[in-house]
Amino acid sequence: MMTFIGTKENRKGSIRGYNYRRKSIAVMVGILTILMISTISFLLISPKRRNVTNENKRKLSFKRKESQNGNTGYIVDQPIRSIEYGGPQKSTPLVMIRDALDEAVHQRFLQEHLYSCLEAELNQISELDNRVNFPVYIYEGYYHSLPTNETVFSKNPNPMIGKDFMKPAASPFTRAFFDAFRFVNREIFNTLKLNLLQASSYHRCTNGKTASDEAHMTRKGEDVCYLLAKWIDHGCHFGDLSIQIHYGEGNEEKLKSGAAWHMDAENSLLHLAVTLRGNRVLHSMRIQQPMKNNNINGNHVRPPAATLKEILEPQKPGDVYLSSSTLMQHAPHFGKCDYSTRVIAIHARILYTSADINYFRKVKTKESWQKLTSVLAETLALANLQMPSLAQVESRLALLS
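In terms of the working numbering, the sequence shown opens at residue 3 and continues consecutively.
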């Protein structure tokens with residue numbers, strides 16, 4: 003290092019070869035001064051500025067991930083959706099996420115037989131429940147969206163039936179779409195699962211216990227948070243499909259009389275609705291509030307003197323929403339249409355058996371229910387949800403059994 007510093011050309015090209023020791027000391031002092039100034043400057047940068055830098059790095063990281071693996075859902079640091087309120091007490095937190103299918107995915111859906119067949123062929127599809135009551139035509143099919151092609155023993159989602167049966171597999175492409183949706187958004191639902199476990203009495207009950215203690219405490223610690231986390235862990239979310247076909251006269255009278263209004267069972271705590279054909283309108287009673295009022299700390303208080311309002315959200319072909327229909331009064335509005343403009347919608351909910359939901363209701367308490375709905379709303383408010391691309395759906399299709 004002494005030789006490098008001590009022999010340096012000046013601007014005229016002559017060699018400066020004097021006082022090597024003083025020159026090297028001066029350079030070293032200069033370098034140390036620059037390092038000290040840089041360190042102090044970094045420490046004095048405001049936390050906000052450092053957070054922005056970290057946020058930019060995170061965004062770049064996700065951009066790299068997206069370029070490598072296609073679009074993927076993830077959890078963000080700050081809420082990107084408002085927490086709203088519903089339910090009879092007007093105080094149950096929930097989130098409404100609206101999106102749309104990738105156009106190529108939508109067009110591929112419409113090539114499936116069930117969504118493109120002739121009217122006369124509907125009665126030839128054995129899985130469809132014929133609920134035609136002229137002049138209203140309603141057909142509904144109950145399927146599962148798990149990767150297996152085998153039937154799955156589970157509860158019929160129609161409350162007028164509600165019995166367990168061997169539920170058939172939906173068509174391969176339909177199953178592949180919901181399998182891709184779970185896979186693409188796995189970070190979101192894994193986070194939801196972990197948040198539920200953290201809030202569950204099972205977590206608090208077994209924390210710090212030995213293996214023998216934990217085995218003894220397992221059943222005691224299970225609550226609704228734990229059970230919903232277990233259903234997610236088993237891949238049951240969006241595993242129960244109700245495929246509905248409506249045409250003929252509309253349901254305006256039922257909407258006006260209140261007969262169309264209802265709240266779903268617990269399988270709609272996670273409810274993904276996909277409109278493939280036709281137009282309908284989702285009516286719901288919710289309290290909406292500005293994003294700035296979001297409270298992501300488990301203590302949810304609805305706005306003072308707020309009242310439920312009827313919210314109308316049109317659903318056109320390709321539209322998607324994810325919400326918790328268990329937690330809000332709602333009603334679908336179907337206008338008058340013929341078969342060519344029929345409404346076809348897929349409702350994907352949690353797959354479970356009667357025994358599963360009976361046990362869920364048995365261990366349900368006011369406290370555990372409040373924790374579950376809070377965790378669910380808070381996590382979905384932070385969820386950057388993504389719809390799978392056609393390539394991602396076809397990739398999952400190749401893996402189906």
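For glycine and all other residues, C-beta sits at the position ideal for the given N, C-alpha and C. Keep in mind it's a predicted model, so treat the numbers as computed, not measured.
Inset, instruction - Could you name each continuous beta strand (DSSP E) segment of 3 residues or more that falls completely within the stretch 319-370, going from the start of the chain to the end? - result: Within the stretch 319-370, the complete beta strand (DSSP E) runs of at least 3 residues are 321-325, 332-336, 345-351.
Legend entry - First through last residue of the alpha helix (DSSP H) which encompasses P174: Element bounds for P174: 174-186.
Inset, instruction - Within the same chain, show all residues whose beta-carbon is closer than 6 Å to that of L198, passing over the 5 residues directly before and after it, in chain order. - result: Only C227, L230, A231, V377 meet the Cβ criterion.
Inset, instruction - Using the Cα positions of C339 and Q291, report the straight-line distance between them to the nearest angstrom. - result: Cα to Cα, the separation comes out at about 35 Å.
Legend entry - Cβ contact check for the stretch 346-353 and the stretch 123-139: 3 or more pairs under 8 Å: Judged by Cβ distances under 8 Å, the stretch 346-353 makes no contact with the stretch 123-139, as fewer than three pairs qualify.
Inset, instruction - Out of V154, D181, F180, state which residue places its alpha-carbon closest to the alpha-carbon of K169. - result: Measuring C-alpha to C-alpha distances from K169 to each of V154, D181, F180 identifies V154 as the nearest.
Legend entry - For K2, the first and last residue of its enclosing beta strand (DSSP E): Beyond the ends of the chain as shown, which are 3 and 403, falls residue 2; an answer cannot be given.
Legend entry - Proximity winner among S270, G223, G88, relative to L310 (alpha-carbon distances): Minimum Cα distance to L310 is reached at G88.
Legend entry - 3 or more residues per run - each beta strand (DSSP E) lying fully within the stretch 246-290: DSSP runs (the beta strand (DSSP E)) wholly in the stretch 246-290: 273-279, 282-288.
Inset, instruction - Measure the C-alpha to C-alpha separation of L401 and P149 and round it to an integer number of angstroms. - result: Rounded to whole angstroms, L401 to P149 spans 8 Å at the Cα level.
Legend entry - Cβ-based neighbour list, E121, same chain, cut-off 6 Å, excluding 5 preceding and 5 following: Cβ-Cβ distances below 6 Å link E121 to Y341 in the same chain, with the five nearest sequence neighbours on each side left out; the list follows chain order.
Inset, instruction - Report the three-state DSSP secondary structure of F111 (helix, strand or coil). - result: In the structure shown, F111 falls within a helical segment according to DSSP collapsed to helix, strand and coil.
Legend entry - Contacts around I234, its chain only, beta-carbon distance under 7 Å, and the 5 residues preceding and following it disregarded: Once the five neighbours on either side are set aside, the close Cβ partners of I234 are F191, L194, K195.
Inset, instruction - Quick one: give me the first and last residue of the alpha helix (DSSP H) that R133 is part of. - result: Unbroken run through R133: none, as it is neither H nor E.
Inset, instruction - May I ask you to report which of helix, strand or coil DSSP gives R398? - result: Three-state result, R398: helix.
Inset, instruction - Give the straight-line distance between the Cα atoms of A171 and F136, rounded to the nearest whole angstrom. - result: Here the C-alpha atom of A171 lies approximately 30 Å from the C-alpha atom of F136.
Inset, instruction - Check D101 in the structure and name its three-state DSSP category. - result: DSSP, reduced to helix, strand and coil, places D101 within a strand of the structure shown.
Inset, instruction - Pair every Cβ in the stretch 77-84 with every Cβ in the stretch 378-394, then say whether three or more of these pairs are closer than 8 Å. - result: Under the three-pair Cβ rule at 8 Å, the stretch 77-84 counts as touching the stretch 378-394.
Inset, instruction - Quick one: residues in its chain with C-beta nearer than 7 Å to the C-beta of H218, no 5 flanking neighbours on either side, listed in chain order? - result: At H218, the pLDDT of 42 sits below 50, so the modelled position is not reliable; the number obtained from the coordinates is stated separately. The answer is none, since no qualifying residue turns up.
Legend entry - Delimiting residues of the alpha helix (DSSP H) encompassing K232: Counted as a single uninterrupted DSSP element, the alpha helix (DSSP H) harbouring K232 occupies residues 226-235.
Legend entry - Contact under 8 Å by Cβ, M389 with L103: Their beta carbons are under 8 Å apart, which means M389 touches L103 by this criterion.
Legend entry - Sufficient close CB pairs (3 or more, under 8 Å) joining the stretch 319-333 to the stretch 259-274: Enough Cβ pairs lie closer than 8 Å, so yes.
Inset, instruction - Given a cut-off of 8 Å, decide if S156 and Y361 are closer than it, judged by their beta-carbon atoms. - result: Cβ distance not < 8 Å, so Y361 and S156 don't count as in contact.
Inset, instruction - Please state if the CB of V283 and the CB of P316 are separated by a distance shorter than 8 Å. - result: In contact: P316 and V283 (Cβ atoms closer than 8 Å).
Legend entry - Residues near E114 in its chain [Cβ-Cβ closer than 8 Å; skip 5 each side]: Closer than 8 Å at Cβ, skipping near neighbours: S173, F175, T176.
Legend entry - Assigned exposure category for F183 - 16 Cβ within 10 Å defines buried: F183 should be labelled buried.
Inset, instruction - For my contact list, V345 and Y204 are in at a C-beta cut-off of 8 Å; report their separation, rounded to the angstrom. - result: So it is not a contact: roughly 42 Å between Cβ atoms.
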